[in-house]
Structure formats: C-alpha cells, structure tokens
Amino acid sequence: MQNLLYLPPPVSFFIVSAITTLLSLAGLYLVRRKYSAEVLKENHEVAAIIFNAFGLFYGVLVAFVVFVTWSGYDEATKNLQMEASEALDIFHTAATFPESPKKTIQQGVRDYLAAVYNDEVPKMAEGDLQLYSGGAHNTLRILFSQVDASSIPNRELYGEALRCLNNLAQYRRMRIFAGNNTVPPVIWLVLLVGGVFAVSYTFFFGMKNLRAQYLITTTLTVTVTSILFLVYVLDHPFTGTSRVSLAPLREAIAAMQGDSAGE
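Structural data, given as structure tokens:
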C-alpha cells in the first residue's frame, strides 16, 4: 500500500478502486448466480432498514476519521512552516552578533535546515522516527552552548535567539510526532470490515435490471475505497507525492543563501 503513495494521486486512486471494484463485482456475480431476483426481493424491507441504520453509523465513523486525519495533515503543514520560520528568525537575529558567533550560528542554522530537508524528512517518509534525541537540533544547540554570551552586546537579542531555539525544538518534535500514524490499527479494522459489509449489502438487493445493480455496486465501491484511501494518504503526511509541501524549507534555505551572498 505504501508504494502507491509514490504514484500520482489519480493513478493510485484508480488502481485501488479498480482492484476493489473487480472483487465486489465478482461477489455480486456469485450471489446473483445463486439467488434469483425474486428470492432476494423477499427480504428487501428488512434489509433496507438494516442497511440504512448501518450506513448512518458507518458514515459518521468515516466522517470523524477523515476529519481527524485531515486536521493532523493540516497541523503537520503548519508545524513545518513554523519550524522553517523559527530557523530563519535565528539566522537573522544572529546577524546582529559579533563576527565569530555570527558565522558559527548562521552556518549551524543552514546545516540544520539542510539536514531536515535532505535527511530527516526522507527518513520520516520511510517510517524511521528514531530522531527524538540528537539529530540536527542537538548540533545547533551545542553551537549555542559554545558561544560566549558575554561577547554579545545586545543580551535581549541573544535571549530572543535562545527563545527561537527552544521553539524550533518544539516544532521539530511536533513534526516528528506527526509522522506517526494517527489512525490506530483497531480503527482501520473497523473501517475495512465496515466497508466490506457496506458493499456486500448491495449484493442482496434483487434488481431486475442487473446492469443497474452492477453500476450501483461499482459506484458504492469506488466511493468507499476512495475515502478509505484518502484517510491512508492523510495518515502519512510526509510520504509520497501527496506529502506536506517542503516549500517552506526550500524558501528559508534560499533566503539564507541570498543574505549570505549579499554580505
């Protein structure tokens, strides 16, 4: 499934929908081959009531999961933007420091963003979340600890840089937490089983126009499959072609390079 995340979204959605649709149509074919429309019509009234109740409960659950995963994806986007912003604030604040600590801190910030962009985010996409301790931020923190604070005339700006450093650590942790799957396996089990039940219900309605029933089953299958795959995509905010945009990191790196070139 994770390999599908690296395909263009229309292609990945089509593949998943095509596979599930073929399976559902095969199930419908087997049921209608064994039971005639007249036999199935005998249970229409009861089946319709149960199907409506089940559809209501399942729809509420799916809507809630989509909301949670979309909120997590949105938070991951905002946290990455704030992380890049805090790094840029540290870089600009360090420009007011004396020459030696200025070069040290600014180079450390550039290295931090490069490490996040080239190393940490790709590792998160592969499910490697062993980044809580150490990493790029630890190196930057060590550089700050090596700076002689008494050599910086404006202590308020130095304190502001330390505050930004702490905020940077917070947004980094939140980015890493966002890489964890937010939908527990038990929820996935309920969603998948419920989806199978929802599609299977359409097999037991005895419509005289069999082509119309095939079309209805196909429509429901594609809809349920697309929503569940959407949840899967949103549950992996740093993986694949639909991942969170890394533009804030690229823009911050470009801004730092432009400032350095202008000096």
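Heads up, the sequence shown is in my numbering, so the first residue is -7 and it goes up one at a time. Glycine included, each C-beta is placed from N, C-alpha and C at the ideal position. Values in this document were obtained by computation on a predicted structure and should not be read as measured data.
Exercise. What is the DSSP secondary structure of residue 87, counted as helix, strand or coil?
Worked result: Stepping through the sequence shown from its first residue, residue 87 is reached at position 95. Residue 87 falls in the coil class under three-state DSSP.
Problem set entry | Nearest-angstrom Cβ-Cβ length linking residue 176 and residue 144, presumed shorter than 8 Å | Sequence index remark: in the sequence shown, residue 176 carries index 184 (1-based). Sequence index remark: in the sequence shown, residue 144 carries index 152 (1-based). Actually they are not in contact, since the Cβ atoms of residue 176 and residue 144 sit about 48 Å apart, beyond 8 Å.
Exercise. Per DSSP, what kind of secondary structure is residue 100 in: helix, strand or coil?
Worked result: Mapped onto the sequence shown, residue 100 falls at position 108. Looking at residue 100 - three-state DSSP - the assignment turns out to be helix.
Problem set entry | Through-space distance from residue 16 to residue 192, alpha-carbon basis | Within the sequence shown, residue 192 is the residue found at index 200, counting from 1. Within the sequence shown, residue 16 is the residue found at index 24, counting from 1. So the alpha carbons of these two residues sit roughly 7 Å apart.
Exercise. Who are the Cβ neighbours of residue 213 in its own chain at under 7 Å, not counting the five residues just before and after it?
Worked result: Working through the sequence shown from its first residue, we reach residue 213 at position 221. Same-chain partners within the cutoff: 12, 13, 16, 191.
Exercise. Roughly how many angstroms separate the alpha carbons of residue 61 and residue -3, rounded to a whole number?
Worked result: Counting from one through the sequence shown, the residue named residue 61 turns up at place 69. Counting from one through the sequence shown, the residue named residue -3 turns up at place 5. C-alpha separation (whole angstroms): 16 Å.
Exercise. When you compare each of 181, 35, 132 to residue 159 by their alpha carbons, which one comes out closest?
Worked result: Position 167 of the sequence shown, counting from 1, holds the residue named residue 159. Residue 132 is the option with its Cα nearest to residue 159.
For this session: Let me know if residue 10 comes out buried or exposed under the rule of 16 or more other beta-carbons within 10 Å of its beta-carbon.
Result: Against the sequence shown, residue 10 aligns to sequence position 18. When all chains shown are included, residue 10 counts as exposed.
For this session: Give a yes or no on contact between the segment 60 to 78 and the segment 148 to 166, applying the rule of three or more CB pairs nearer than 8 Å.
Result: Taking 8 Å as the limit for Cβ pairs, the verdict is that the segment 148 to 166 does touch the segment 60 to 78.
Exercise. Roughly how many angstroms separate the alpha carbons of residue 117 and residue 20, rounded to a whole number?
Worked result: Working through the sequence shown from its first residue, we reach residue 117 at position 125. Working through the sequence shown from its first residue, we reach residue 20 at position 28. Straight-line Cα distance between these residues: approximately 38 Å.
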